[in-house]
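Here's the structure we're looking at; comments come further down.
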Amino acid sequence: MGLDIAQHIVTDDLTVLLGLIAATVFLLHNFYKPQPLVHPILLGRQSDVARVRNPGQSAVYRNYATGLMGRLPLRPTKDVYILGDLIRPELDAPRTLWNTRITNSALQDRVASFGTGLLRLAKLESGDSNVLLLVNDCIEFLISDLALASHSIPSFTISSSDVLSSVLDSHPPSAIIADAHFLPTLLELIYDAGEVGQHHTIIVVGEPTRQAMASVASSVKVYSWDDVEREGTKTQKILSPIPKPSDIFSVSFWSSGDGQLQGAQLTHENITAGVTAIRALMPASHALSPLDTVVSAHSLSTAYGRAIAYTALFEGTSFATLQSTQILRTSEIDPKYNVKDVTSARTYKIPSPTVLFVKPDHVEALVSSILKTAQKNRILYPFAWRHKVAGIQEGFLSKDSLWDRLVFDAARAKVVGEAAGTLAAVISSGGTIPASLLTPARVAFSAGFVNAYTHPVVAGPILASHPLDLQTFPGPDTAPAHVGPPAINIEARLLNVSDAAIKADGDPEGTFVVRGPSVGKLLGEDYVNVASETIPGSSEEEEGWVATGRTARIKPNGAFIVL
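Laid out in structure tokens, this is it:
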């Protein structure tokens with residue numbers, strides 16, 4: 001019997017070799033298998049939920065990183081209280097803002113000079129005047145905004161030229177800073193309104209035409225933006241009392257869906273809190289630094305767009321905006337959110353973009369173009385797509401894989417140029433994207449992708465997905481993608497929810513309301529004091545909720561879907 005057993009276990013060299021190969025493959029598969037970029041526990045509980053709730057509403061939701069007992073962050077660092085503090089003097093390396101190479105110290109000097117020029121030449125009064133900014137995104141916008149804020153002169157901004165007449169009628173400014181090409185239209189509006197005396201001062205950015213200057217009435221004073229700055233440069237700087245964080249520095253106007261004029265008051269604290277929330281959108285492995293270049297598709301005339309710009313200022317990054325952000329468009333500007341709009345950033349002298357703040361239409365256009373270009377490699381594309389998707393299902397994504405080098409790198413370079421090699425994060429907001437687009441977007445960009453929800457009254461994201469969240473959920477292709485948990489300084493809840501559905505462990509769905517330090521105050525009847533008007537019997541601590549006008553659903557992991 002012993003001899004028979006020995007005969008069965010006799011092996012030749014080939015059997016030993018195959019066994020070693022099998023063991024090696026097994027070990028390599030287990031030890032070199034890509035690990036998820038984010039621990040599954042983090043994605044399984046993205047929001048902290050209050051233990052109690054009132055009838056007819058959901059519990060209060062907070063970002064899990066903040067927690068229910070944690071204080072909502074108000075500022076990016078302890079030394080930042082007002083708008084001017086976002087320009088850090090310790091960052092002295094030059095960076096490019098649109099086409100201007102400038103250091104922080106030089107920027108502060110220009111802000112001080114322009115502010116002094118406004119008080120001396122334009123006769124504006126600290127704490128008593130207000131100024132309408134009719135300027136497309138540029139460095140002059142930022143300098144004007146910072147200068148006005150330093151002298152406690154509120155600025156007015158509009159998100160569209162369609163609301164200009166309504167703003168001039170309901171909130172006549174002390175002065176207007178306008179683009180030169182828009183001067184004829186502005187003068188026409190002033191003359192038609194018959195209120196020339198109320199709009200007596202216009203500061204023009206750029207060189208107006210002789211025809212436009214010839215049409216200026218004697219009661220309207222027109223100054224060159226450069227002359228105002230020069231006036232402040234040659235005289236002693238005027239220092240006004242330092243504003244408080246709770247002071248209103250700007251009022252942002254926009255048009256609602258039914259064409260009604262709406263506005264939001266923004267304080268210094270709102271903007272510093274918005275900057276804090278935007279910084280938290282970046283993955284920990286790629287925090288913003290002076291080596292980055294931020295490109296935004298959100299106008300500085302909006303609260304969110306302005307917070308993005310001030311985040312770039314705070315971090316010392318280069319910054320520019322796309323052509324589609326122009327509220328005062330000329331005939332040659334294409335207003336569409338397409339690939340051409342994204343590549344319009346090449347017209348500026350900025351380094352190659354590393355972070356894109358874009359809109360859903362931009363995402364769809366970029367993803368479609370990149371994948372269509374990649375599909376031209378008919379032999380390798382099916383294998384490349386299969387391996388990239390398999391990695392995403394494991395929670396892993398990289399731009400340095402073999403399949404990127406063979407297929408996707410060339411496709412990205414053909415669509416977005418140099419940004420293909422530098423792009424580290426893409427943040428989509430300003431609308432909804434279908435859930436079916438998430439995986440193609442992750443394959444196409446192979447970078448951190450954030451889907452966020454924003455609102456004109458909030459200087460920062462309200463909701464935002466984790467940049468390295470690669471999860472997919474079953475559902476219809478047209479269903480909206482989730483937008484993650486509340487931002488780190490936002491509290492969210494739903495009203496008018498079904499108690500029966502919640503008791504049955506269903507997903508809460510109802511009217512979406514928010515509050516937090518980045519939330520401004522709506523003007524007029526649109527400001528909703530939920531405590532006194534919607535939830536009877538609430539305590540004073542419950543005040544400050546603002547309705548977004550949208551319906552939302554909350555998933556079991558704390559991620560929101562805005563419907």
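In terms of full-length UniProt numbering, the sequence shown opens at residue 1 and continues consecutively.
Built from N, CA and C at the ideal position, the CB exists for glycine as well.
Owing to the predicted nature of the structure, the values given are computational and were not obtained by experimental measurement.
Counterpart residues of Q262 in DSSP-defined beta bridges: DSSP lists W254 as partners of Q262.
Check the C-beta distance from Q262 over to W254 and give it rounded, since I have them as a contact under 8 Å. Cβ atoms of Q262 and W254 come within 8 Å of each other, at about 6 Å.
Cβ-Cβ separation, V251 to residue 570 (assumed contact under 8 Å), whole Å: Any property of residue 570 remains undetermined from this structure, which presents the chain solely from 1 to 563.
Would P353 and L91 be called neighbours here (beta carbons separated by less than 8 Å)? Cβ distance not < 8 Å, so P353 and L91 don't count as in contact.
Looking at the structure shown, is P208 part of a helix, part of a strand, or coil, going by DSSP? For P208, the secondary structure class from DSSP, reduced to helix, strand or coil, is coil.
Would D400 pass as a contact of G56 if the rule is Cβ separation under 8 Å? In this structure, G56 does not lie closer than 8 Å to D400 by Cβ.
For S159, count the other beta carbons within 10 Å of its own beta carbon; 16 or more makes it buried, fewer makes it exposed. Which is it? Buried, since its Cβ has 16 or more Cβ neighbours within 10 Å.
So for T551, helix, strand or coil by DSSP? Correct three-state label for T551: strand.
Is R95 helix, strand or coil when you go by DSSP? Reduced to three states, the DSSP call for R95 is strand.
The region 272-280 touching the region 339-346, judged by at least three CB pairs closer than 8 Å: Segments in contact, no.
At the level of alpha carbons, what is the spacing between G558 and R53? The C-alpha of G558 lies about 15 Å from the C-alpha of R53.
Do three or more CB pairs link the region 480-498 to the region 544-560 at distances below 8 Å? Yes, the region 480-498 is in contact with the region 544-560.
In whole angstroms, what is the alpha-carbon distance linking T24 and P94? Rounded to the nearest angstrom, the two C-alpha atoms are 52 Å apart.
For Y348, I'd like the list of residues in its chain whose CB is within less than 6 Å of its CB, leaving aside the five on either flank, ordered along the chain. The beta carbon of Y348 lies closer than 6 Å to those of W98, N99 and A320 in the same chain, with the five residues before and after it left out.
Once DSSP output is grouped into helix, strand and coil, what is the label at G544? Three-state DSSP puts G544 in coil, outside helix and strand.
Which residues bound the beta strand (DSSP E) around E491? Residues E491 to L495.
Please go through the region 385-440 and give each complete alpha helix (DSSP H) segment of 4 or more residues, from N-terminal end onward. The region 385-440 contains these whole alpha helix (DSSP H) runs: 409-416 and 419-422.
Residues near V216 in its chain [Cβ-Cβ closer than 7 Å; skip 5 each side]: Cβ within range, chain order: L187 and V222.
Secondary structure at E509, three-state DSSP: helix, strand or coil? E509 falls in the strand class under three-state DSSP.
Give the C-beta separation of E364 and L470 to the nearest angstrom, bearing in mind that I take them to be a contact with Cβ-Cβ under 8 Å. Not a contact, Cβ separation roughly 19 Å.
Proximal residues to L563 (C-beta, below 8 Å), its chain only, five neighbours per side dropped: These residues qualify, in order along the chain: P480, E509, R550, T551, A552 and R553.
Other residues of its chain near L101: CB distance less than 6 Å, five sequence neighbours each side excluded: Note on residue identity: the sequence assigns Arg, not Leu, to residue 101. Closer than 6 Å at Cβ, skipping near neighbours: P94.
Contact between the region 158-172 and the region 135-143: three or more CB pairs below 8 Å? Not touching, per the Cβ criterion.
Using only the alpha-carbon positions, how far apart do L14 and N377 sit? Each residue's alpha carbon lies about 40 Å from the other.
Contact check, I143 vs R110, beta carbons under 8 Å: It is a contact, given that the beta carbons lie within the stated cut-off.
Quick one: Cα of A309 to Cα of T302, how far? When rounded, the distance between both Cα atoms is 11 Å.
Closer than 8 Å by C-beta to T66: which residues in its own chain qualify, once you throw out the five before and the five after it? Chain order, please. If we look at T66 and ignore the five residues flanking it on each side, its Cβ neighbours are D48, L72, P73, I488 and N489.
Run through DSSP, which three-state label would L74 get? In the structure shown, L74 sits in coil (DSSP, three-state: anything other than H, G, I, E or B).
Would you call the region 383-396 and the region 456-466 in contact, with 3 or more CB pairs under 8 Å? Flag = no, the region 383-396 and the region 456-466 do not touch.
G206 versus A178 - alpha carbon distance: Cα to Cα, the separation comes out at about 9 Å.
I think G117 touches H151, with their Cβ atoms under 8 Å apart; what is that distance to the nearest whole Å? 11 Å between Cβ atoms; not a contact.
Here's the rule: buried if 16 or more other CB atoms are within 10 angstroms of the residue's CB, otherwise exposed. What is V519? With at least 16 other beta carbons inside 10 angstroms of its own, V519 counts as buried.
Compare the C-alpha of V204 against each of S224, V220 and H171 and name the closest. Measuring from the Cα of V204, the nearest candidate turns out to be S224.
Relative to the C-alpha of Y64, which residue among Y81, A50 and Q46 is closest? Y64 has its Cα closest to that of Q46, out of Y81, A50 and Q46.
Through-space distance from Y304 to S166, alpha-carbon basis: Using only the alpha carbons, I get a separation of about 22 Å.
Pair within 8 Å by beta-carbon distance, A464 and A447: Not a contact, by the Cβ cut-off of 8 Å.
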